[in-house]
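Each residue of the sequence shown is one higher than the one before, starting from 471 at the first, in my numbering. All remarks here apply to the structure that follows.
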Amino acid sequence: MAIESTSLAKQAFAGPDGTIKTLASQVDEHLKGNSDAVIVDVGPVFGQLNEQTVGKLDENVQIMIAGMTKSIAGIPIPERTYEKILALFSQSPLVQVHGNGISKSDSLIKQSDSEFKTDGSPDDKIVQEVAAWFRRLVGEEIMAATNIDISVLGKVVAQSGVTAKDLSTIFKGKEHAEKSLDVAGIRYPEPGRPNFSVFRIHLTAWSDSDRILHMQHDSNGITGEVFQTDYVPRSSVMDNLKPEVRERAIGAAKGMFQ
471 MAIESTSLAK QAFAGPDGTI KTLASQVDEH LKGNSDAVIV DVGPVFGQLN
521 EQTVGKLDEN VQIMIAGMTK SIAGIPIPER TYEKILALFS QSPLVQVHGN
571 GISKSDSLIK QSDSEFKTDG SPDDKIVQEV AAWFRRLVGE EIMAATNIDI
621 SVLGKVVAQS GVTAKDLSTI FKGKEHAEKS LDVAGIRYPE PGRPNFSVFR
671 IHLTAWSDSD RILHMQHDSN GITGEVFQTD YVPRSSVMDN LKPEVRERAI
721 GAAKGMFQ
């Protein structure tokens, strides 16, 4: 979904046309392409945060939103990487790390021997298995935030056989297919979840098929890594801000989506 915006949100996330693309819309756009590597350096995730809800958040959370968005705007979009955003949050006096975060990895590997196929058709059951695996890896919240269509990668893992290019290679050969996805996001606070989250998802799906005569051996899989760090307002700093500074920051937060 594209969000028309001005003020802080526009300063931080608008492209040349003045429109903000959320992380979900960027991922969707890239997955529809034919590229084997889908990379979205850092995209915003606003969730339920909007013009109506931002003013309902705690004042310190509003100040955090305004201050961090202004800091993010200081990094040009082409130079905005996961590492730079993580460093920005980690070094900011306005926020502090909350909880232990997330750092985990997992793999799903499938192997089979079968009669030789030439259409490379995916196994729907494996596509569903990959989707369930991905849901367990990243969790429901990140699933909803990113809107990743895992079936695009699932079909690579579920590919059965290869596509024969000519008769001279039909009885002996090997084919390899691979697609990777590397996305990072800044998840904004919203009602019921008053913290920032900076996260990264890295997935690689592959499909190998060896064939000798009429038999084939498929070795398919997907590996994934998920990292997330949560940040909340640093009360010791927020509570000591001058009243006029607090008021100005709260006003900027409330005007983010106007």
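The beta-carbon is built from N, C-alpha and C at its ideal position, and this holds for glycine as well. Note that this is a predicted model, so its numbers are computed, not measured.
Start and end of the beta strand (DSSP E) containing residue i?
i, result
"Asp487", "Note, Asp487: premise wrong, no beta strand (DSSP E); not H, not E."
"Ala507", "Ala507 to Val515"
Measure the alpha-carbon distance for residue i versus residue j and round it to whole angstroms.
i, j, result
"Gly743", "Ile509", "This structure does not reach residue 743, given that the chain is present from 471 up to 728, and the question cannot be answered."
"Leu665", "Thr616", "The amino acid at residue 665 is misidentified as Leu; the sequence shows Asn. Near 17 angstroms, if we compare the C-alpha coordinates of Thr616 and Asn665."
"Ile656", "Lys554", "12 angstroms"
"Thr539", "Thr492", "14 angstroms"
"Leu558", "Ile671", "19 angstroms"
"Ala602", "Lys574", "16 angstroms"
"Gln419", "Thr523", "The first residue shown for the chain is 471 and the last is 728, placing residue 419 beyond what the model contains."
"Thr674", "Asp709", "45 angstroms"
"Glu474", "Asp678", "Note on Glu474: pLDDT 40, under 50, position unreliable in the model; no value is reported."
"Ala494", "Glu599", "22 angstroms"
"Asp593", "Asp511", "31 angstroms"
"Pro546", "Gly525", "28 angstroms"
"Gln518", "Asp528", "15 angstroms"
"Ser477", "Ile692", "41 angstroms"
"Asp576", "Val702", "28 angstroms"
Which first and last residues belong to the alpha helix (DSSP H) in which residue i is found?
i, result
"Pro713", "Pro713 to Lys724"
"Asn619", "At residue 619 the sequence reads Asp, which differs from the Asn that was named. First-last for Asp619: undefined, no H or E at that position."
"Asp498", "Leu493 to Leu501"
"Leu558", "Tyr552 to Gln561"
"Ile533", "Glu529 to Ala543"
"Val707", "Ser705 to Met708"
Less than 8 angstroms between CB atoms is the rule here; does residue i satisfy it with respect to chain C?
i, result
"Ala484", "Absence of chain C from the displayed structure is noted, only one protein chain being present."
Excluding the 5 residues preceding and the 5 following residue i in the sequence, name in chain order all residues of the same chain whose CB lies nearer than 6 angstroms to its CB.
i, result
"Ala507", "Ser650"
"Ile618", "Val497"
"Val515", "Leu493, Ala615, Gly655 and Arg657"
"Gly569", "Asp700"
Considering only residues of the same chain and omitting the five flanking positions on each side of residue i, which have a CB-CB separation below 7 angstroms?
i, result
"Lys614", "Note that residue 614 is Ala in the sequence shown, not Lys. Cβ neighbours of Ala614 beyond the five flanking positions: none."
"Ser541", "Leu558 and Ser562"
"Ile620", "Val600, Ala601 and Phe604"
"Val608", "Ile671 and Val696"
With a CB to CB cut of under 8 angstroms and the five nearest residues on each side skipped, what residues in its chain are close to residue i?
i, result
"Gln481", "Thr539, Lys540 and Ala543"
"Ala719", "Gln532, Ile533, Ala536, Gly537 and Leu711"
"Ser705", "Asn530"
"Arg550", "Asp511, Val512 and Ile542"
Bridge partners of residue i, per DSSP?
i, result
"Ala654", "Arg670"
"Phe604", "Phe604 is not bridged to any residue."
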